[in-house]
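So the structure is just underneath, and the comments pick up after that.
Rendered as structure tokens:
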């Protein structure tokens, strides 16, 4: 039977192959590829579409779009390509938002949903990430899973790599919620595991139908762009010559679209991926030759394979380390060497590759005008070297070092990995008998030079250095030589970095002892080991199970598989339109008119919406002061304020059409106010005018006062004054702001949006559309992050979608472009605090007087809230007898700033900690001593707390409570004040005294790196706002809860399910209701009419209390039926009671009371950091 069956299968497969030959499924104008093992054939693919566009358009929404430019990793998928020479597939993770659909021919794509889902079971990586609580909002989780899968699949050998290597697998993936600790903890568990148990062919086998896929030169066209994919260099040159008059661009990985958003300016895209001559790697005796379309990923693998201890290959480990710090690994899976170098030459890109390869004296082969020449990179990047429009980079040659040469490269960036360099450098220095005999000094990424960022040879410095002895006084002479270079940067920090890099390589060349030499790696992060940590949770005994029971979030596996639905994952109705803003680029600029002809002729264009189409109020936020759309003839209130909405048949077409709208604008009639300082100056002019009716940009938000600050300052033994400044911070939620507005019968609207407060959305949409609230339903899915940024800032997207749906009478989806979202979303407000403080010789504060000005922007109610919190929380846990805090709002001509993650709390803490540091510096004391002088009533009392930190009496030694039982905002501090005991317990646990002593010893013996250790406390006041819910029981004993709280990953749904399970179990004692029988549905204004907000860390508590109240009502209603069933004999269960409920109303609302949820949360942390004195880079050690 087995033999016959095998022969039959072979026969069927032969017929299948014959059918594919005689009746091919795909024409020469089609691309063929696989997604999760399924064949996909796309005829005449649109060159403007990305792989992520296609995957999501085919219904697979596990691929998320966070930034759309390769920066966040949410869209990561794993590609497999078949190597006919080896008969194996190669795997690597890529950003599908960058990869053009047209370049997907012949590849096999694996998505997170393809690895596992609720139907077929979950993949080990998905399960592990869920078990370790590695997902919070979950938006980044599918990308994290695929980055891990791609890294393990690409790893050579039969076992998974070690923990250090595994940690690097998510270097291109951002998480804004959880932090990376649980993610990395989950992934590190695969270290050393058999690879086939988790990755590669076992889970993503390469499809048979693609193994012999081969087609000739092809072209596609769509959206006004032509795509040509030649198979040879000869064909490429012919195309370039014949299309020399077209706006043409050559693409391979096409990662440049993540930096330069100007694809719409090109008419022809020429794909180089099919040209095998550009993909070769050849190792010779003098160096390595890489084809120009070799990816960063293959470049790194080659360096790793060849790097050894031989002198000529000494540069390879340095090149390897530097290369792994550039971009993220999913971008490196697409980006090519030639593309990066060409982008640097033609666009002035601040490249790391260009600098390090120029430093090692690499050469590039250029084919142009019928000639092929090898050009040294320093000459290639020189302004006098011109590339013709038909020039092609074909090879990059990386030479080995000569005997005795030392190669070093350096970079400094805002983040050590996946961040553009602020500056970089690469050097070759050769010495003999401590004398420099050769020097090659290259600097790059110098942004202060505009589009000419380098790399630059320091020719004058090289000449000055050769022949000199490497002595300690060499630095000053070299710095003077550097300053004479024609390209010397204008920015002070760039000059400092360039000088520091040179000093580092001179130390390396002189082989100075490690105690006095600077950090040796590419950056300070080079020395960072794998993370390690310990969690110790003292769980209370479960008295109310399952409340308080440790369990993963109920949706965690859905999140890791990409199955959890976010706003942009909701299937749009038939006939849906898509929206994009047209923005006025500058503030105070009059919008005169708009020329629409170019937009109207673009593909997919439908119509525009203007302020004249708004039927209600032209405002989108709670204060009503910011306009939704700038009306024609009026001035913009802030830069990038929208003036029109373009509607088209896709988001990409809407954005393309919006770019073609030509606005006629008039210059600002007055200079816009863009800073706190500008507002203060304008306020002085207004107040000096004597006009009582004049309103300035500065207004008082709150004043906190305890005692007479001026009198106390006059009597203080010592005084200081200073200024604390804090810049803004973006919320950067992973899921962009989005809305789906669906018009219905009887002039109704159904809105799905991304907001933390459905009730506020309801109010604003009603106001903007002019509709009564009963004609609008606002719904929320789970959010992909919020952090306060979706309290108010996303309201305009929902209002805009509603207005557009109202005008077009069709559904409208509005996924806000990430760049526009980032600008309009503003963020944490910049502030400036001027302070004076009086204190004694022990550092004990007697008085603090502070005035804070905050940049509120225009139109956001939460900016004032943030400033109020600063005033109410500035004292933290410190006892300050006399305190005066004034906070003022500055109305600038910028998008309104808002509440961001603990609004006002970090600012207040920073101000107070800075004051204490200033006091310590003035007295020459350790700042820890000064902090403790203001925490404890005395040194002897502190010793009592240290002796018994868990004592309930520690609060009587608090300097703050010695002033009174209320804080500066007149809030009662509560019945306990455990933070003093926490302080001493943490000191003992971490061995603070020993740490501090070790830091002093380290700093004494290290000149170029320093360490610091500090302890800081926090007091965070929380309160409840009366959360609401609706609980529905069903006759099968299951339960649906809807509420005003929005799931943003904080686990509110899981907590509510636990709470509901516990209290439902009390209805029939002994009949337990399982968490699995509870479900939390999407919240909406048709379930909770006017609920409260989600934020402030107590929403879960409040909603749970509301659920308890609602279930109490249901219990009371069911009590007679329960009693009747019990009296009839037999077993009564919760399910049987529900089934016998008859005409009992099985739904009830609930609301939490406000009084019992007002209390402070206390915390204490200790941090140890190390900095590179030369560059300012830092490493958190513990």
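Residue numbers (UniProt numbering): 1 to 1182.
Every residue, glycine too, gets a C-beta built ideally from N, C-alpha and C.
Counting beta carbon pairs with one atom in the region 678-690 and one in the region 615-629, are three or more of them shorter than 8 angstroms? In short, these stretches do not touch, since the Cβ pair count stays below three.
Among 1036, 1068, 1032 and 1070, which one has its Cα closest to the Cα of residue 1057? Nearest to residue 1057 by C-alpha distance, out of 1036, 1068, 1032 and 1070, is 1032.
Who are the Cβ neighbours of residue 369 in its own chain at under 6 angstroms, not counting the five residues just before and after it? Within the same chain, residue 369 has no close Cβ partners at all.
Using the C-alpha atoms, what's the distance from residue 365 back to residue 373? Roughly 6 angstroms between the two C-alpha positions.
Which of helix, strand or coil does DSSP assign to residue 191? Coil, per DSSP.
Can you tell me whether residue 849 is buried or exposed? The criterion is at least 16 other CB atoms within 10 Å of its CB, across all chains shown. By the 10 Å Cβ count, residue 849 comes out buried.
Does the separation of the CB atoms of residue 92 and residue 140 fall below 8 angstroms? Cβ atoms of residue 92 and residue 140: not closer than 8 angstroms.
Please confirm if the region 216-233 is in contact with the region 192-202, defined as three or more CB-CB distances below 8 angstroms between the two stretches. Output reads no: the region 192-202 does not touch the region 216-233.
Ends of the alpha helix (DSSP H) at residue 487? Here residue 487 belongs to no alpha helix (DSSP H), and DSSP marks it neither H nor E.
Please report the distance separating the alpha-carbon of residue 398 from that of residue 376. The alpha-carbon of residue 398 is positioned some 10 angstroms away from that of residue 376.
Return helix, strand or coil for residue 1091, following the three-state DSSP convention. Three-state result, residue 1091: coil.
Under 8 angstroms between C-beta atoms, does residue 150 make it to chain C? Among the chains in the structure shown there is no chain C, since it carries only a single protein chain.
Using a 10 Å radius around the Cβ and a threshold of 16 neighbouring Cβ atoms, would you call residue 667 buried or exposed? With fewer than 16 neighbouring CB atoms inside 10 Å of its own CB, residue 667 falls in the exposed class.
Please go through the region 515-603 and give each complete alpha helix (DSSP H) segment of 4 or more residues, from N-terminal end onward. As far as the region 515-603 is concerned, its whole alpha helix (DSSP H) runs of at least 4 residues are 556-560 and 597-600.
Please state the DSSP three-state secondary structure of residue 99. Here residue 99 carries a coil assignment [DSSP, helix/strand/coil].
Boundaries (first-last residue) of the beta strand (DSSP E) holding residue 745: Careful: residue 745 lies outside any beta strand (DSSP E) and carries neither H nor E.
Could you check what DSSP says for residue 105 in three-state terms: helix, strand or coil? Assignment of residue 105 by DSSP, reduced to helix, strand and coil, places it in the coil class.
With 16 as the cutoff for other CB atoms within 10 Å, does residue 43 come out buried or exposed? Exposed is the call here.
Limits of the unbroken beta strand (DSSP E) element including residue 1160: Note, residue 1160: beta strand (DSSP E), 1158-1172.
C-beta atoms of residue 919 and residue 843 nearer than 8 angstroms: Against a cut-off of 8 angstroms, the Cβ pair of residue 843 and residue 919 comes out as a contact.
Counting only runs of 3+ residues fully inside the region 249-308, write out the beta strand (DSSP E) ranges in chain order. With a minimum length of 3 residues, the continuous beta strand (DSSP E) runs that stay inside the region 249-308 are 268-271, 281-283 and 287-291.
Where do the ends of the alpha helix (DSSP H) carrying residue 983 lie? Residue 983: member of the alpha helix (DSSP H) spanning 979-990, first to last residue.
Between residue 993 and residue 1160, is the Cβ-Cβ spacing less than 8 angstroms? No, they are not a contact pair.
Tell me, please, whether the region 649-667 touches the region 588-595 by the rule of three or more beta-carbon pairs shorter than 8 angstroms. Note that the region 649-667 touches the region 588-595; at least 3 beta-carbon pairs, one per stretch, sit closer than 8 angstroms.
Out of 1112, 243, 1036 and 1016, state which residue places its alpha-carbon closest to the alpha-carbon of residue 1059. Comparing Cα-Cα distances from residue 1059 to each of 1112, 243, 1036 and 1016, the minimum goes to 1112.
Leaving out the 5 sequence neighbours to the left and right, which residues in its chain are closer than 6 angstroms to residue 1051 when beta-carbon positions are compared? The beta carbon of residue 1051 lies closer than 6 angstroms to those of 553 in the same chain, with the five residues before and after it left out.
Taking the beta strand (DSSP E) that residue 1019 belongs to, which residues open and close that run? For residue 1019, the enclosing beta strand (DSSP E) starts and ends at 1009-1023.
Is residue 1141 near residue 1035, with beta carbons less than 8 angstroms apart? Contact: yes.
Beta-carbon separation of residue 871 and residue 897 under 8 angstroms? No, the Cβ-Cβ distance between residue 871 and residue 897 is not below 8 angstroms.
Residue 953: buried (16+ other C-beta within 10 angstroms of its C-beta) or exposed? Classification for residue 953: exposed.
Neighbour-count burial assignment, residue 1162, 16 or more Cβ in a 10 Å radius: The residue is buried, with at least 16 neighbouring Cβ atoms inside 10 Å.
Measuring straight from C-alpha to C-alpha, what distance separates residue 689 and residue 717? Cα to Cα, the separation comes out at about 40 angstroms.
Kindly list the residues whose CB is nearer than 6 angstroms to the CB of residue 1047, restricted to its own chain and excluding five residues on each side of it in sequence; keep chain order. Spatial neighbours of residue 1047 in its own chain (CB-CB distance under 6 angstroms, excluding positions within 5 residues in sequence) are listed in chain order as 782 and 1053.
Measuring alpha carbon to alpha carbon, tell me which residue in 1007, 278, 518 and 1085 is nearest residue 503. Among 1007, 278, 518 and 1085, the Cα nearest to that of residue 503 belongs to 518.
Just tell me which of 557, 659 and 149 has its CA closest to the CA of residue 584. Just measuring C-alpha positions, the residue of 557, 659 and 149 sitting nearest residue 584 is 659.
State the Cα-Cα distance for the pair residue 509 and residue 463, rounded to the nearest angstrom. Looking at the two C-alpha atoms, the distance is approximately 17 angstroms.
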